[in-house]
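Enquirer: Numbering of the sequence shown is given in full-length UniProt numbering, commencing with residue 6 and proceeding in unit increments.
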Amino acid sequence: PRTIYLSEYRVPAFLVDHVDLRFELFENGARVHSTLTVRRNPEYPGVAEHLELDGDSLKLESVSLDGIELGADRYQDQGDKLVVQAVPDKFGLNVVTWIEPQNNTRLEGLYKSSGMFCTQCEAEGFRCITFFPDRPDVMARFRTRVEADREKYPVLLSNGNDVDRGELADGRHFVTWEDPFPKPCYLFALVAGDLVLKQDTFTTCSGRDIDLRIYVEARNAAKCDHAMDSLKRSMRWDEEVYGREYDLDIFMIVAVDDFNMGAMENKGLNIFNSSCVLASPETAADTAFQRIEAIVAHEYFHNWSGNRVTCRDWFQLSLKEGFTVFRDAGFSADMGSPTVKRIEDATLMRTAQFAEDAGPMSHPVRPSSYMEISNFYTLTIYEKGAEVVRMIHTLLGPELFRKGSDLYFERHDGQAVTTDDFVKAMEDASGRDLGQFRLWYEQAGTPLLTVRDDFDSEAGIYRLTIEQAIPDSPGQTSKNPQHIPFALGLLGADGTDLPLRLFADENDAPSERVLELTAARHEFEFHGLSERPVPSLVRGFSAPVRVDYPWTREQLIFLMNHDGDGFNRWDAGQRLAVDVIQALIRGDEEGVDERLVEAYRSLLSDPSLDQALVAKMLQLPSEAYLVELADSADAQAIHGARTRVLDCLAQALRGELLECYRRNGDDGSYQLTPEAIAARSLRNTALSWLLHIGDREACGLAQTQFQDAGNMTDRMGALRALVNSCFVTEREAALNDFYQCWQDDPQVVEQWFSVQAASLQAGTLNHIRELLAHPAFDWKNPNKVRSVIGVFAGQNLAQFHQADGSGYIFLAEQVCRLDDSNPQIAARLVSPLTRWRKFAEPYGGKMKQALASVRDKEGLSKDVFEIVHKSLK
Ligand code: B3K
Ligand code: ZN
């Protein structure tokens with residue numbers, strides 16, 4: 006496969022002003038009639054004689070230019086390209102193609118999911134529908150006529166407004182849609198199916214009534230309320246916080262079962278993975294409710310950050326994704342607990358994005374090359390991209406940031422632009438120089454900040470030195486220092502924040518500062534201090550960096566109790582737990598430090614603390630995070646040490662846990678407030694810890710909770726605790742019961758698969774093989790594949806990393822199998838193996854072998870090829 010470089014970017018030779026599409030949908034295929042209004046791009050350097058259109062898996066039926074059918078000598082069908090020779094400056098081009106959606110297992114382009122037709126075009130799926138300049142900087146107005154059997158497909162949808170509909174012969178009908186906004190073809194969408202409609206209205210800030218529609222299969226009709234509420238809240242929030250009003254008269258969401266990712270922001274017609282839109286308290290857990298709210302918002306926000314202003318080329322993907330993730334994070338923070346949201350985002354960054362950034366697929370937020378763009382929908386593009394925007398927000402402050410975003414939307418409305426255009430708008434609106442800051446887009450790798458301090462008690466001066474270093478990454482060495490906002494607080498002995506005086510005579514000094522690091526080494530002095538302070542570093546995770554500072558355990562406990570920054574209180578607890586677990590792994594300590602137990606005891610027994618924060622603080626650092634922190638990870642040792650800490654905490658705090666369980670009992674109502682979510686989280690954490698140590702009484706509590714739960718969070722909490730306990734009969738009974746009860750609901754069955762795939766019981770791999778043979782498992786459905794294979798390989802450290810390599814061989818087999826039908830899913834699934842360098846022997850070597858077996862498969866897709874080859878290099 007060929008590598009594509011950013012440096013090769015050229016403006017398109019031809020522009021398309023208008024696209025007229027007609028889809029004839031049948032059971033054995035679909036005929037696509039496309040008429041393009043084409044003209045030469047005046048900005049194209051040189052003269053292009055031929056028009057080149059992209060295509061993939063198309064059967065070409067005819068080509069006409071200005072109404073005259075062309076003979077085969079006038080064009081070449083090269084499979085991935087249609088070249089039309091010697092075209093005039095302006096012309097109409099009509100192309101008819103035949104495609105087979107019913108056989109499309111890649112789920113890119115037009116395909117079928119549970120009997121309905123649907124599309125996924127981003128990034129390069131439109132070329133699987135018809136020949137077209139499939140690149141985001143070609144923006145056209147689309148008119149789409151969909152024709153299908155009326156009985157089978159009563160609902161026919163596309164982007165924009167429906168402008169015409171009618172009956173056709175043979176029981177067929179059509180609907181015509183027109184989208185007034187020019188858009189790149191990756192935002193095109195079509196749906197045809199037998200769907201029910203949930204409707205609502207939203208009145209915009211300027212008083213326009215928008216028709217909100219969620220289309221789902223009839224059996225899901227009762228599961229749309231949460232998505233609809235989330236949509237209305239997002240629309241209001243975007244008006245209030247960003248001044249962005251919705252622009253069409255209709256906004257549609259369609260739920261489909263077979264979808265490669267979460268959802269897609271097609272103009273006016275968002276298509277969602279069912280699991281990211283459908284929810285009821287009985288069938289979806291709190292995490293699902295929160296995820297749905299965030300994804301509905303994310304896709305909606307794309308209407309401005311992505312659709313009205315789009316990407317010039319796919320190297321600029323983070324322009325829309327990073328910014329939109331930043332926007333949805335702000336929304337979620339405002340809808341719930343900002344501290345908890347920050348903890349969740351930082352956890353994802355530190356656990357998974359840092360790992361990606363230190364691994365073989367490490368790439369900058371704006372990459373400079375790729376083989377398969379689908380592989381670049383990564384944590385770096387999305388989450389690190391959002392952190393980069395967040396740092397701009399921190400450096401500019403909220404008012405100037407808003408000025409910058411207003412300028413960006415105004416200046417680039419209707420255009421396809423670059424991350425640099427975004428930064429430029431921020432600079433122009435604020436007057437700040439973000440020249441060095443741009444390195445965040447260009448350099449890969451996670452900066453490491455080494456922080457050291459000393460206190461001059463005589464002079465009352467506290468000195469902080471901060472050094473930054475950015476590790477080498479594939480294709481990038483000796484990097485330059487980046488511009489890092491470093492939020493700092495200093496705590497006095499009584500636990501309060503001290504004033505941060507940068508000069509001896511500074512009056513009214515603030516108690517928190519954002520220091521701006523720009524050099525490889527900085528030294529800061531804080532004056533007028535009567536005692537050595539305890540530093541609170543990178544408050545709120547003000548930059549996506551690692552911090553090395555020699556905290557003592559006493560200092561960490563002090564910060565856990567007193568830090569004025571909720572995020573850093575949590576962080577101190579994590580660091581303390583990590584320190585204790587690592588000491589056990591190294592064998593430096595025999596038992597679990599009593600101070601950790603006491604710290605957890607205070608968390609559990611003080612109801613005056615913010616319970617949402619406590620619920621997060623009680624979660625021990627994950628195994629994945631411990632792997633990420635290790636130089637050479639011994640998977641079983643990590644699992645063993647973490648388990649020992651859990652055992653010890655649960656044994657020592659049995660009374661407190663039971664009390665916490667009772668105090669946080671279910672009051673029968675299901676609310677999604679931070680308090681209610683925290684209460685459910687606390688009672689289920691208490692339950693799982695108690696079952697972890699085989700507590701009989703807790704087993705009874707879990708069984709009762711499992712039976713009586715009024716919501717899925719509690720039912721699943723009880724099931725998970727039982728599945729990971731030693732109570733064999735009880736756990737088998739609960740699993741069977743659960744399946745009997747929910748077998749007709751695919752999304753609940755997925756949760757049932759996942760809880761088993763994540764099981765800590767020995768022999769889980771054999772059980773996984775049984776699950777793959779279960780009648781409810783479906784190789785063609787990405788959610789099922791993820792819920793079994795993805796969860797096992799990605800979240801079950803101890804069972805996946807078997808010393809004999811059986812987990813790796815298993816994964817390699819499944820990746821090869823999936824690569825033939827759905828390369829995108831195969832490429833995602835292989836990723837745990839790409840971390841082989843991180844693992845100690847015998848793990849690392851055996852992971853590498855498994856990866857090599859994937860590399861040697863015949864007819865490997867471009868998707869998997871790129872990942873496997875880069876990881877073995
Ligand atoms: N933009 C889509 C992702 C498309 C992925 C294509 N492989 C969803 C989102 O980020 O909103
Ligand atoms: Zn997105």
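Yeah, the Cβ is synthetic: ideal placement off N, Cα and C, and Gly gets one too.
1) Taking just the CA atoms, how far does L202 sit from K228?
2) Rounded to whole angstroms, what is the Cα-Cα separation between Q761 and R606?
3) Exposed or buried, Y152, counting other C-beta atoms within 10 Å across all chains shown (16 or more means buried)?
4) Indicate the three-state DSSP secondary structure (helix, strand or coil) for A18 in the structure shown.
5) Which runs of the beta strand (DSSP E) fall wholly inside the region 513-556 and span at least 3 residues, in chain order?
6) On the criterion of 16 or more Cβ atoms from any shown chain inside 10 Å, does I219 qualify as buried, or is it exposed?
7) Could you tell me the boundaries of the beta strand (DSSP E) in which E183 lies?
8) Where in the region 129-164 do unbroken runs of the beta strand (DSSP E), each at least 3 residues long, occur, reported from the N-terminal end onward?
9) Which runs of the beta strand (DSSP E), 3 residues or longer, sit entirely within the region 180-250?
10) Looking at A655 and residue 1, is the spacing between their C-beta atoms short of 8 Å?
11) Among Q560, L495, D499, which residue has its Cα nearest to the Cα of R506?
12) Report whether the distance from the Cβ of E775 to the nearest heavy atom of ligand 2 is below 7 Å.
13) Verify the contact flag: H527, CB atom, against every heavy atom of ligand 1, threshold strictly below 7 Å.
14) Is E392 near ligand 2, judged by its Cβ being under 7 Å from some heavy atom?
15) Going by DSSP in three states, Y744 sits in which element: helix, strand or coil?
16) Give me, in chain order, the residues of the same chain whose beta-carbon lies closer than 8 Å to that of G699; leave out the 5 immediate sequence neighbours on both sides.
17) At 4 residues or longer, and completely inside the region 701-758: list those alpha helix (DSSP H) runs for me, N to C.
18) Mind checking whether the beta-carbon of A646 lies closer than 7 Å to any heavy atom of ligand 1?
19) Is S118 near ligand 1, judged by its Cβ being under 7 Å from some heavy atom?
20) Between the region 609-627 and the region 545-559, are three or more C-beta pairs nearer than 8 Å?
21) At which residue ranges does the region 596-639 contain complete alpha helix (DSSP H) runs of 4 or more residues, listed in the order of the chain?
22) Inspect the beta-carbon positions of T470 and R526 and report whether they are closer than 8 Å.
23) Is E304 near E349, with beta carbons less than 8 Å apart?
24) Out of R150, A808, A798, D861, state which residue places its alpha-carbon closest to the alpha-carbon of L838.
25) Looking only at C-alpha atoms, which of K843, N827, A845, E245 sits nearest to S866?
26) If you compare alpha carbons, which of L444, L412, N33 is closest to M396?
27) Could you tell me which whole beta strand (DSSP E) segments of length 3 or greater appear in the region 445-479?
28) Pairing CB atoms from the region 124-132 with CB atoms from the region 168-177, are three or more of them under 8 Å?
29) What whole-angstrom Cβ distance do L453 and D584 have, given they're in contact under 8 Å?
30) Do the region 313-328 and the region 341-361 meet, that is, are 3 or more Cβ pairs less than 8 Å apart?
31) Would you check whether ligand 1 has a heavy atom nearer than 7 Å to the C-beta of A268?
32) Looking at V16: is its Cβ nearer than 8 Å to the Cβ of N46?
33) Spell out a yes or no on whether the region 365-375 and the region 639-654 are touching, meaning 3 or more CB-CB pairs, one atom from each, closer than 8 Å.
34) To the nearest angstrom, how far is it from the Cα of R155 to the Cα of M121?
35) Quick one: does the C-beta of T455 sit closer than 7 Å to a heavy atom of ligand 2?
Expert: So, from the data block:
1) The residue you call residue 228 lines up with position 223 of the sequence shown. The residue you call residue 202 lines up with position 197 of the sequence shown. K228 and L202 have their C-alpha atoms some 12 Å from each other.
2) As a position in the sequence shown, residue 761 is number 756, starting the count at 1. As a position in the sequence shown, residue 606 is number 601, starting the count at 1. For Q761 and R606, the distance between alpha carbons rounds to 31 Å.
3) Indexing the sequence shown from 1 puts residue 152 at position 147. Correcting the residue identity first, residue 152 is Glu in this sequence and not Tyr. Around the beta carbon of E152, a 10 Å sphere encloses 16 or more other beta carbons of the protein chains shown; the residue is thus reported as buried.
4) Counted from its first residue, the sequence shown places residue 18 at position 13. Note: A18 maps to coil in three-state DSSP.
5) Whole beta strand (DSSP E) segments, 3+ residues: 518-522, 526-531, 539-542, 551-553.
6) For this step, residue 219 is matched to residue 214 along the sequence shown. It counts as buried.
7) In the sequence shown, the residue the question calls residue 183 occupies position 178. Residues 177-188.
8) Fully enclosed beta strand (DSSP E) runs of no fewer than 3 residues occupy 145-154, 160-163 of the region 129-164, in order along the chain.
9) Every beta strand (DSSP E) stretch that sits fully inside the region 180-250 and reaches 3 residues is listed by chain position as 195-198, 201-208, 214-221.
10) Because the chain here runs from 6 to 878, residue 1 falls outside it and cannot be looked at.
11) Working through the sequence shown from its first residue, we reach residue 506 at position 501. If you compare the alpha carbons of Q560, L495, D499 with that of R506, the shortest gap goes to L495.
12) Position 770 of the sequence shown, counted from the start, is the residue given in the question as residue 775. For E775, the distance from the CB to the nearest heavy atom of ligand 2 is not below 7 Å.
13) Indexing the sequence shown from 1 puts residue 527 at position 522. Flag unset: Cβ of H527 not near ligand 1.
14) Within the sequence shown, numbered from 1, the residue matching residue 392 stands at position 387. No, ligand 2 has no heavy atom inside 7 Å of this Cβ.
15) Counting from 1 along the sequence shown, the entry for residue 744 is found at position 739. Per DSSP, reduced to three states, the secondary structure at Y744 is helical.
16) In the sequence shown, the residue the question calls residue 699 occupies position 694. Cβ within range, chain order: S730, C731, F732.
17) Counting only runs of at least 4 residues, the region 701-758 fully encloses the following alpha helix (DSSP H) elements, listed from N- to C-terminal order: 701-713, 717-728, 733-747.
18) Residue mapping note: residue 646 aligns to position 641 of the sequence shown, counting from 1. For ligand 1, not one heavy atom lies less than 7 Å from the Cβ of A646.
19) Your numbering for residue 118 matches position 113 in the sequence shown. No.
20) Look at the beta carbons and you see the region 609-627 not touching the region 545-559: under three pairs across the two are nearer than 8 Å.
21) Qualifying alpha helix (DSSP H) stretches, in chain order: 599-610, 616-622, 628-634.
22) The residue you call residue 470 lines up with position 465 of the sequence shown. The residue you call residue 526 lines up with position 521 of the sequence shown. Closer than 8 Å, so yes.
23) For the purposes of this step, residue 304 is taken as residue 299 along the sequence shown, with counting starting at 1. For the purposes of this step, residue 349 is taken as residue 344 along the sequence shown, with counting starting at 1. No, these two residues do not count as a Cβ contact at 8 Å.
24) Taking the sequence shown and counting its residues from 1, the one referred to as residue 838 is at position 833. Ranking R150, A808, A798, D861 by Cα distance to L838 puts A798 first.
25) Residue 866 sits at position 861 when you count from the first residue of the sequence shown. Comparing Cα-Cα distances from S866 to each of K843, N827, A845, E245, the minimum goes to N827.
26) The residue you call residue 396 lines up with position 391 of the sequence shown. It is L444.
27) Entirely contained in the region 445-479, the beta strand (DSSP E) runs reaching 3 residues are, in chain order, 453-461, 466-474.
28) Result no; under three Cβ-Cβ pairs closer than 8 Å.
29) Locating residue 453 in the sequence shown gives position 448, where the first residue counts as 1. Locating residue 584 in the sequence shown gives position 579, where the first residue counts as 1. Wrong, their Cβ atoms sit about 18 Å apart, outside the cutoff.
30) They do not touch, by the three-pair rule.
31) Stepping through the sequence shown from its first residue, residue 268 is reached at position 263. At least one heavy atom of ligand 1 is found less than 7 Å from the C-beta of A268.
32) Within the sequence shown, residue 16 is the residue found at index 11, counting from 1. Within the sequence shown, residue 46 is the residue found at index 41, counting from 1. Taking 8 Å as the Cβ cut-off, V16 and N46 qualify as a contacting pair.
33) At 8 Å Cβ cutoff, the stretches do not touch.
34) For the purposes of this step, residue 155 is identified with residue 150 of the sequence shown, where counting begins at 1. For the purposes of this step, residue 121 is identified with residue 116 of the sequence shown, where counting begins at 1. Roughly 13 Å separates the two Cα atoms.
35) Reading the sequence shown from its first residue, position 450 is the one you call residue 455. No, since every heavy atom of ligand 2 falls outside the 7 Å radius drawn around the Cβ of T455.
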